[in-house]
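Scroll down for the structure; my scribbles are underneath it.
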Amino acid sequence: EAGVAQSPRYKIIEKRQSVAFWCNPISGHATLYWYQQILGQGPKLLIQFQNNGVVDDSQLPKDRFSAERLKGVDSTLKIQPAKLEDSAVYLCASSLRRAKSRGDTQYFGPGTRLTVL
Amino acid sequence: AQRVTQPEKLLSVFKGAPVELKCNYSYSGSPELFWYVQYSRQRLQLLLRHISRESIKGFTADLNKGETSFHLKKPFAQEEDSAMYYCALNPADNYGQNFVFGPGTRLSVLP
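So the sequences go chain by chain: A and B. Every position in the first sequence, counted from 1, becomes a number in the working numbering once 43 is added. Every position in the second sequence, counted from 1, becomes a number in the working numbering once 155 is added.
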């Protein structure tokens, strides 16, 4: 089966600019996650969707980050305006089962490496 | 709030030696624990989970609720085991809390 797709793979922007990332999950997967992974740290969950509804966005900096999953398939994550501390790899993952259920496996995309200058 | 710690940032062992990657967690409920692995230039992927009680690529991990640990072990390390390993916790019995990853341990298996 095709894996989770993400684009772009790399992005370099200047602070205060805007950027958007795209994710296409595995077909049929109900749950979609966006993570931020800063260099030297583990992935940090930003937002979690089940189909097209937000399950949890408690760790999303809502003053500058936004995300949507229209039609319960693809998702976009946007940062506006970007700050230096937003430099990180942004990972998208999807899973078959409903959000937060037991026995679920997350499948990860290759990530987008963002550098904010 | 739930938390996962991995005390070693880097662990180096020789090929054929036993390896143990440590993971401790803090969570008041009944957690579900995982090990995820990222090989060089590859995606993050699931290695194993505690509920399956399986051995994958020779690795095993036992959930010790008394010590709140989920250490990953392999009796004889191979060079291809060199990778980043992340311990992760799913608070599946508490809908208000989030999936959380530890900071990771880089395993380097020397020839």
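Glycine is no exception: its CB is placed at the ideal position from the N, C-alpha and C atoms. Computed from a predicted structure; not experimentally measured.
**OP:** Go ahead and pull the three-state DSSP assignment for L166(B).
**Re:** Taking the second sequence and counting its residues from 1, the one referred to as residue 166(B) is at position 11. Correct three-state label for L166(B): strand.
**OP:** Less than 8 Å between the CB atoms is what I'm expecting for N253(B) and D99(A), so what's the real figure, rounded?
**Re:** For the purposes of this step, residue 253(B) is taken as residue 98 along the second sequence, with counting starting at 1. For the purposes of this step, residue 99(A) is taken as residue 56 along the first sequence, with counting starting at 1. With 8 Å as the limit, N253(B) and D99(A) qualify as a contact, their Cβ atoms being about 6 Å apart.
Subject >> the stretch 69-93 of chain A: positions lying closer than 7 Å to chain B by Cβ >> reply: Q84, G85, P86, L88
Subject >> Sub-9 Å separation of L188(B) and A216(B) beta-carbons >> reply: Within the second sequence, the letter at position 33 stands for residue 188(B). Within the second sequence, the letter at position 61 stands for residue 216(B). A contact, by the Cβ cut-off of 9 Å.
Subject >> Buried or exposed (CB count within 10 angstroms, at least 16 for buried), R204(B) >> reply: Stepping through the second sequence from its first residue, residue 204(B) is reached at position 49. It counts as buried.
Original post:
Is the stretch 65-73 of chain A touching the stretch 126-141 of chain A in the sense that three or more CB pairs, one from each, lie closer than 8 Å?
Top reply: yes
Original post:
Who pairs with E187(B) in a beta bridge, going by DSSP?
Top reply: Counted from its first residue, the second sequence places residue 187(B) at position 32. E187(B) is bridged to N245(B).
Subject >> Cβ distance (whole Å) where A243(B) is taken to contact V159(B) below 8 Å >> reply: As a position in the second sequence, residue 243(B) is number 88, starting the count at 1. As a position in the second sequence, residue 159(B) is number 4, starting the count at 1. At roughly 7 Å, the Cβ-Cβ gap stays under 8 Å, so A243(B) and V159(B) are in contact.
Original post:
Can you find a C-beta in chain A that's less than 9 Å from the C-beta of I211(B)?
Top reply: One-based indexing of the second sequence puts residue 211(B) at position 56. For I211(B), the answer is no, since every Cβ of chain A falls outside 9 Å of its Cβ.
Original post:
The beta strand (DSSP E) with Y53(A) in it runs from where to where?
Top reply: Here the question's residue 53(A) lines up with position 10 in the first sequence. Note, Y53(A): beta strand (DSSP E), 53-56.
**OP:** Give a yes or no on whether the minimum CB-CB distance between G154(A) and chain B is below 9 Å.
**Re:** Locating residue 154(A) in the first sequence gives position 111, where the first residue counts as 1. Yes, contact with chain B.
Original post:
Around the Cβ of N95(A), are there at least 16 other Cβ atoms within 10 angstroms (buried) or fewer (exposed)?
Top reply: Here residue 95(A) refers to the residue found at position 52 when the first sequence is read from its first residue. Result: exposed.
**OP:** For R145(A), return the contacting residues in chain B, with the cut-off set at a CB-CB distance below 9 Å.
**Re:** Residue mapping note: residue 145(A) aligns to position 102 of the first sequence, counting from 1. Among the residues of chain B, those whose CB is under 9 Å from the CB of R145(A) are E187, I206, N245, A247, D248, following chain order.
Subject >> Selection of the stretch 91-111 of chain A by Cβ proximity to chain B, strictly under 8 Å >> reply: Taking 8 Å as the Cβ-Cβ cut-off against chain B, the residues of the stretch 91-111 of chain A that qualify are Q91, D99, S101, Q102.
**OP:** Just confirm the distance between the C-beta atoms of L89(A) and L103(A), as a whole number of angstroms; I'd bet it's less than 8 Å.
**Re:** On the first sequence, residue 89(A) is found 46 positions in, with the first residue counted as 1. On the first sequence, residue 103(A) is found 60 positions in, with the first residue counted as 1. L89(A) to L103(A), Cβ: 5 Å. Contact.
**OP:** Rank G146(A), A125(A), V159(A), K114(A) by C-alpha distance to the C-alpha of K67(A) and give the top, closest one.
**Re:** Here residue 67(A) refers to the residue found at position 24 of the first sequence. The sequence shown places Asn at residue 67(A), rather than the Lys named in the question. With distances taken between Cα atoms, N67(A) lies closest to K114(A).
Original post:
Among Q197(B), G213(B), Y180(B), P173(B), which residue has its Cα nearest to the Cα of G46(A)?
Top reply: Here residue 46(A) refers to the residue found at position 3 of the first sequence. Answer by Cα proximity: Q197(B).
**OP:** Give every residue of the same chain whose Cβ lies closer than 7 Å to the Cβ of A172(B), excluding the five residues on either side of it in the sequence, and list them in chain order.
**Re:** Position 17 of the second sequence, counted from the first residue, corresponds to residue 172(B). Excluding sequence neighbours, A172(B) sits near A232.
**OP:** Go ahead and label F169(B) buried or exposed: buried means 16 or more other beta carbons lie within 10 angstroms of its beta carbon, across all protein chains shown.
**Re:** Walking along the second sequence from the start, residue 169(B) turns up at place 14. Exposed, since its Cβ has fewer than 16 Cβ neighbours within 10 Å.
Original post:
In the DSSP assignment, what are the bridge partners of K87(A)?
Top reply: In the first sequence, the residue the question calls residue 87(A) occupies position 44. Its beta-bridge partners are Q79(A).
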